[in-house]
Amino acid sequence: MKIIVFDCDSTLSSIEGIDFLAGMSGADVSQKIVDMTNAAMDGKIPIESVFAKRLEIIQPTQAGVAQVGKRYLETIEPSALKVVENLRSEGWTPFILSAGYVQAIAPLAKYLGIETIEAVNLFFNDDGSYKGFDSDYPTTRNGGKLEIINKLKQNYSPEKIVMVGDGVSDLETKPGVDMFFGFGRYAIRDKVKSEADYYIQDLAELLPLLSHS
(Lines of atoms letter the chains of each structure in order from A and count residues from 1; the text may use other names and numbers.)
(Lines give C-alpha, C1' and ligand atoms only; values in the text may rest on other atoms or scores of the structure.)
Protein backbone atom coordinates (compact mmCIF):
# COMPACT_ATOMS: atom_id res chain seq x y z
CA MET A 1 0.00 0.00 0.00
CA LYS A 2 1.19 3.49 -0.91
CA ILE A 3 -0.43 6.48 0.78
CA ILE A 4 -0.68 10.03 -0.55
CA VAL A 5 -1.99 12.62 1.88
CA PHE A 6 -3.45 15.92 0.69
CA ASP A 7 -4.07 19.08 2.61
CA CYS A 8 -7.45 20.59 1.70
CA ASP A 9 -7.37 24.39 1.89
CA SER A 10 -5.24 26.13 -0.75
CA THR A 11 -4.33 22.67 -2.09
CA LEU A 12 -7.35 20.60 -3.18
CA SER A 13 -9.34 23.85 -3.21
CA SER A 14 -8.19 27.40 -3.90
CA ILE A 15 -9.82 28.81 -0.76
CA GLU A 16 -9.18 28.74 2.97
CA GLY A 17 -12.49 27.48 4.33
CA ILE A 18 -12.18 29.37 7.61
CA ASP A 19 -11.71 32.64 5.68
CA PHE A 20 -14.77 31.96 3.53
CA LEU A 21 -16.74 31.23 6.70
CA ALA A 22 -15.52 34.49 8.23
CA GLY A 23 -16.63 36.39 5.13
CA MET A 24 -20.22 35.60 6.01
CA SER A 25 -19.78 37.68 9.19
CA GLY A 26 -18.77 40.94 7.48
CA ALA A 27 -15.60 42.70 6.35
CA ASP A 28 -14.17 43.48 9.79
CA VAL A 29 -14.45 39.92 11.04
CA SER A 30 -13.22 38.60 7.71
CA GLN A 31 -9.99 40.65 7.73
CA LYS A 32 -9.25 39.72 11.34
CA ILE A 33 -9.63 36.00 10.58
CA VAL A 34 -7.60 36.19 7.35
CA ASP A 35 -4.72 37.83 9.22
CA MET A 36 -4.84 35.17 11.95
CA THR A 37 -4.97 32.33 9.41
CA ASN A 38 -2.03 33.67 7.40
CA ALA A 39 0.08 34.18 10.51
CA ALA A 40 -0.55 30.56 11.52
CA MET A 41 -0.01 29.12 8.03
CA ASP A 42 3.24 31.09 7.65
CA GLY A 43 4.43 29.66 10.96
CA LYS A 44 4.58 33.05 12.71
CA ILE A 45 2.20 31.98 15.48
CA PRO A 46 1.14 28.52 16.72
CA ILE A 47 -2.10 27.13 15.28
CA GLU A 48 -3.45 26.43 18.76
CA SER A 49 -3.28 30.15 19.57
CA VAL A 50 -5.90 30.94 16.92
CA PHE A 51 -7.91 27.75 16.43
CA ALA A 52 -10.56 28.22 19.11
CA LYS A 53 -10.42 32.01 18.91
CA ARG A 54 -11.39 32.11 15.22
CA LEU A 55 -14.40 29.89 15.81
CA GLU A 56 -15.47 31.91 18.85
CA ILE A 57 -15.38 35.10 16.78
CA ILE A 58 -17.23 33.62 13.79
CA GLN A 59 -19.76 31.44 15.67
CA PRO A 60 -20.28 29.29 12.54
CA THR A 61 -23.69 27.78 11.94
CA GLN A 62 -24.33 24.32 10.54
CA ALA A 63 -25.75 25.96 7.41
CA GLY A 64 -22.70 28.17 7.07
CA VAL A 65 -20.35 25.21 7.24
CA ALA A 66 -22.44 23.48 4.55
CA GLN A 67 -21.88 26.58 2.39
CA VAL A 68 -18.13 26.14 2.82
CA GLY A 69 -18.51 22.56 1.60
CA LYS A 70 -20.31 23.80 -1.48
CA ARG A 71 -17.65 26.44 -2.06
CA TYR A 72 -14.85 23.85 -1.85
CA LEU A 73 -16.46 22.04 -4.77
CA GLU A 74 -16.80 25.28 -6.74
CA THR A 75 -13.13 26.15 -6.18
CA ILE A 76 -11.59 22.70 -6.57
CA GLU A 77 -8.04 22.53 -7.87
CA PRO A 78 -8.66 21.94 -11.62
CA SER A 79 -6.45 18.86 -11.96
CA ALA A 80 -7.46 17.27 -8.63
CA LEU A 81 -10.04 14.74 -9.83
CA LYS A 82 -7.95 13.40 -12.70
CA VAL A 83 -4.79 13.29 -10.58
CA VAL A 84 -6.50 11.39 -7.76
CA GLU A 85 -7.97 8.93 -10.26
CA ASN A 86 -4.57 8.40 -11.90
CA LEU A 87 -2.83 8.00 -8.55
CA ARG A 88 -5.38 5.42 -7.47
CA SER A 89 -4.82 3.49 -10.70
CA GLU A 90 -1.10 3.44 -9.91
CA GLY A 91 -1.69 1.91 -6.49
CA TRP A 92 -1.85 5.01 -4.31
CA THR A 93 -4.50 5.41 -1.59
CA PRO A 94 -5.44 9.07 -1.08
CA PHE A 95 -6.26 10.67 2.27
CA ILE A 96 -7.21 14.22 3.24
CA LEU A 97 -5.45 15.67 6.28
CA SER A 98 -6.61 19.11 7.36
CA ALA A 99 -7.00 21.57 10.21
CA GLY A 100 -10.35 22.33 8.57
CA TYR A 101 -13.68 20.78 9.39
CA VAL A 102 -14.92 17.29 8.60
CA GLN A 103 -18.45 18.49 7.78
CA ALA A 104 -17.18 21.05 5.25
CA ILE A 105 -14.62 18.75 3.60
CA ALA A 106 -16.94 15.73 3.24
CA PRO A 107 -18.58 16.78 -0.08
CA LEU A 108 -15.18 17.42 -1.69
CA ALA A 109 -13.83 14.10 -0.43
CA LYS A 110 -16.89 12.30 -1.78
CA TYR A 111 -16.50 13.96 -5.19
CA LEU A 112 -12.84 12.93 -5.33
CA GLY A 113 -13.59 9.41 -4.09
CA ILE A 114 -11.42 9.88 -1.01
CA GLU A 115 -12.77 7.72 1.78
CA THR A 116 -10.78 8.95 4.77
CA ILE A 117 -10.85 12.52 6.09
CA GLU A 118 -8.52 13.36 8.96
CA ALA A 119 -9.90 16.73 10.13
CA VAL A 120 -11.68 18.46 13.01
CA ASN A 121 -15.28 17.72 13.92
CA LEU A 122 -17.52 20.68 14.74
CA PHE A 123 -20.44 20.37 17.13
CA PHE A 124 -23.77 22.15 16.74
CA ASN A 125 -26.87 22.66 18.86
CA ASP A 126 -30.25 21.34 17.71
CA ASP A 127 -31.02 24.70 16.08
CA GLY A 128 -27.80 24.57 14.04
CA SER A 129 -25.95 27.14 16.15
CA TYR A 130 -22.31 26.65 17.08
CA LYS A 131 -21.62 24.47 20.12
CA GLY A 132 -17.89 23.74 19.90
CA PHE A 133 -15.22 21.59 18.27
CA ASP A 134 -13.14 18.52 19.01
CA SER A 135 -10.38 20.32 20.90
CA ASP A 136 -8.45 17.06 21.38
CA TYR A 137 -7.99 16.48 17.66
CA PRO A 138 -4.30 16.71 16.68
CA THR A 139 -4.63 19.20 13.81
CA THR A 140 -5.92 21.87 16.21
CA ARG A 141 -2.29 22.32 17.30
CA ASN A 142 1.19 22.56 15.82
CA GLY A 143 2.76 19.18 15.14
CA GLY A 144 -0.67 17.58 14.89
CA LYS A 145 -0.39 16.62 11.25
CA LEU A 146 2.81 14.69 11.97
CA GLU A 147 0.93 12.87 14.75
CA ILE A 148 -1.70 11.79 12.21
CA ILE A 149 0.95 10.75 9.68
CA ASN A 150 2.58 8.57 12.31
CA LYS A 151 -0.81 7.07 13.17
CA LEU A 152 -1.44 6.23 9.50
CA LYS A 153 1.98 4.56 9.28
CA GLN A 154 1.23 2.55 12.40
CA ASN A 155 -2.24 1.51 11.18
CA TYR A 156 -1.43 0.72 7.55
CA SER A 157 2.33 0.02 7.39
CA PRO A 158 2.54 1.61 3.90
CA GLU A 159 5.52 0.91 1.69
CA LYS A 160 5.56 4.64 0.95
CA ILE A 161 3.80 7.73 2.31
CA VAL A 162 3.92 11.26 0.88
CA MET A 163 2.32 14.57 1.85
CA VAL A 164 1.12 17.47 -0.31
CA GLY A 165 0.28 20.85 1.20
CA ASP A 166 0.83 24.59 1.21
CA GLY A 167 1.34 25.49 4.87
CA VAL A 168 3.93 25.21 7.60
CA SER A 169 1.64 22.76 9.44
CA ASP A 170 1.94 20.51 6.37
CA LEU A 171 5.71 20.97 6.26
CA GLU A 172 5.84 19.69 9.85
CA THR A 173 5.04 16.23 8.47
CA LYS A 174 8.31 16.10 6.52
CA PRO A 175 10.22 14.01 9.12
CA GLY A 176 7.50 11.35 8.94
CA VAL A 177 7.02 11.04 5.18
CA ASP A 178 9.11 9.72 2.31
CA MET A 179 8.53 12.89 0.29
CA PHE A 180 6.99 16.25 1.08
CA PHE A 181 5.51 18.23 -1.80
CA GLY A 182 4.96 21.92 -1.17
CA PHE A 183 2.06 23.31 -3.19
CA GLY A 184 2.19 26.91 -4.34
CA ARG A 185 -0.60 27.58 -6.82
CA TYR A 186 -2.75 29.51 -4.34
CA ALA A 187 -0.51 30.48 -1.43
CA ILE A 188 3.29 30.72 -1.46
CA ARG A 189 4.84 30.28 1.98
CA ASP A 190 8.58 30.98 1.83
CA LYS A 191 9.49 28.41 4.49
CA VAL A 192 7.50 25.69 2.70
CA LYS A 193 9.02 26.61 -0.65
CA SER A 194 12.59 26.47 0.66
CA GLU A 195 12.26 23.27 2.72
CA ALA A 196 9.98 21.04 0.60
CA ASP A 197 11.50 18.07 -1.20
CA TYR A 198 9.63 19.30 -4.29
CA TYR A 199 7.67 22.50 -4.82
CA ILE A 200 4.86 22.30 -7.36
CA GLN A 201 2.25 24.63 -8.85
CA ASP A 202 -0.10 22.00 -10.27
CA LEU A 203 -1.12 18.67 -8.77
CA ALA A 204 -0.52 17.06 -12.17
CA GLU A 205 3.22 17.54 -11.49
CA LEU A 206 2.92 14.83 -8.84
CA LEU A 207 2.48 11.99 -11.30
CA PRO A 208 5.89 12.01 -13.02
CA LEU A 209 7.72 12.84 -9.77
CA LEU A 210 6.11 9.92 -7.94
CA SER A 211 6.59 7.46 -10.77
CA HIS A 212 10.34 8.18 -10.85
CA SER A 213 10.79 8.01 -7.10
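Numbers 2 to 214, taken from our numbering, label the letters of the sequence shown in order.
In this text, a Cβ means the ideal position worked out from N, Cα and C, and glycines have one as well.
Cβ-Cβ distance between residue i and residue j below 8 Å
{"i": "K175", "j": "W93", "result": "no"}
{"i": "I115", "j": "V6", "result": "no"}
{"i": "I48", "j": "Y73", "result": "no"}
{"i": "I16", "j": "K33", "result": "no"}
{"i": "A81", "j": "L211", "result": "no"}
{"i": "N122", "j": "D135", "result": "yes"}
{"i": "R55", "j": "M37", "result": "yes"}
{"i": "I97", "j": "I77", "result": "no"}
{"i": "A197", "j": "G183", "result": "yes"}
{"i": "A40", "j": "V30", "result": "no"}
{"i": "A120", "j": "T140", "result": "yes"}
{"i": "P108", "j": "G70", "result": "yes"}
{"i": "M164", "j": "I149", "result": "no"}
Counted within 10 angstroms of its Cβ, other Cβ atoms place residue i as buried (16 or more) or exposed
{"i": "E160", "result": "exposed"}
{"i": "G168", "result": "buried"}
{"i": "D127", "result": "exposed"}
{"i": "Q104", "result": "buried"}
{"i": "S1", "result": "Lying outside 2 to 214, the shown extent of the chain, residue 1 is not represented and no answer is given."}
{"i": "F52", "result": "buried"}
{"i": "F181", "result": "buried"}
{"i": "E75", "result": "exposed"}
{"i": "G133", "result": "exposed"}
{"i": "E91", "result": "exposed"}
Simplified DSSP assignment, three categories, for residue i
{"i": "T38", "result": "helix"}
{"i": "S170", "result": "helix"}
{"i": "V163", "result": "strand"}
{"i": "L109", "result": "helix"}
{"i": "Y102", "result": "strand"}
{"i": "D128", "result": "coil"}
{"i": "L123", "result": "strand"}
{"i": "P95", "result": "strand"}
{"i": "V6", "result": "strand"}
{"i": "Y157", "result": "helix"}
{"i": "S136", "result": "coil"}
{"i": "T62", "result": "coil"}
{"i": "I201", "result": "strand"}
{"i": "G183", "result": "strand"}
{"i": "T141", "result": "helix"}
{"i": "I46", "result": "coil"}
{"i": "S14", "result": "strand"}
{"i": "I19", "result": "helix"}
Whole-number beta carbon distance between residue j and residue i, since they are thought to touch under 8 Å
{"i": "K192", "j": "G101", "result": "That belief does not hold up - the Cβ atoms of K192 and G101 are roughly 21 Å apart, past 8 Å."}
{"i": "K194", "j": "Y200", "result": "5 Å"}
{"i": "G166", "j": "D8", "result": "3 Å"}
Contact with chain C by residue i, beta-carbon distance below 8 Å
{"i": "A28", "result": "Structure shown: chain C not included; a single protein chain is present."}
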